[in-house]
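Numbering (full-length UniProt numbering), first residue to last: 1 to 127.
In this text, a Cβ means the ideal position worked out from N, Cα and C, and glycines have one as well.
First comes the structure, then the notes that go with it.
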């Protein structure tokens with residue numbers, strides 16, 4: 001099928017209210033989030049629903065993504081990095097070749113990946 005590109009964001013949340021309940025509907029594009037990460041997001045969402053003031057892992061004053069990027073930049077600008085990089089570049093021609101692994105019997109370009117979009121509409125009265 002052709003499928004429809006939903007564009008950005010690849011995650012969408014909608015909340016519906018009934019007389020005695022609130023339900024959150026979450027649409028997640030699994031091309032950008034694997035099952036383990038989705039489970040982590042759902043666990044953290046549940047924790048926030050149960051306690052809106054809950055401290056979630058990764059939201060503390062500890063290092064975040066920005067800190068990791070800055071640390072990587074600092075590392076690649078260091079003398080130790082250049083020394084190690086030069087060492088391995090000098091050895092490159094003397095390293096043994098990569099192992100000869102068996103090749104797949106098919107050409108992945110001959111049969112590109114196909115995706116099929118499945119969707120359903122829930123009847124609000126059934127909720």
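Per DSSP, which one or two residues make a beta bridge with residue 16? 23
Cβ atoms of residue 24 and residue 32: under 8 Å apart, would you say? Going by C-beta atoms, residue 32 is not nearer than 8 Å to residue 24.
Which of the three DSSP states, helix, strand or coil, is assigned to residue 49? helix
Coarse secondary structure for residue 41, derived from DSSP in three states: helix
Just to check my reading of the structure: residue 22 and residue 38 have Cβ atoms closer than 8 Å, yes? What is that Cβ distance to the nearest angstrom? About 21 Å separates the two Cβ atoms, so there is no contact after all.
Looking at residue 26 and residue 13, is the spacing between their C-beta atoms short of 8 Å? yes
What three-state label does DSSP hand residue 69 in the structure shown? helix
Please check the pair residue 47 and residue 54, which I expect to be a contact at CB under 8 Å, by giving their CB distance rounded to whole angstroms. 5 Å
Rounded C-alpha distance that separates residue 126 from residue 18: 11 Å
Going by DSSP, what residue range makes up the alpha helix (DSSP H) through residue 8? No alpha helix (DSSP H) holds residue 8; DSSP gives it neither H nor E.
Is it right to say residue 1 is buried, meaning 16 or more other beta carbons lie within 10 angstroms of its own, or is it exposed? Residue placement at residue 1 is poorly supported in this model, since its pLDDT is 39, which falls under 50; the coordinates are not used for a value here.
May I ask which residues mark the beginning and end of the alpha helix (DSSP H) holding residue 82? 79-91
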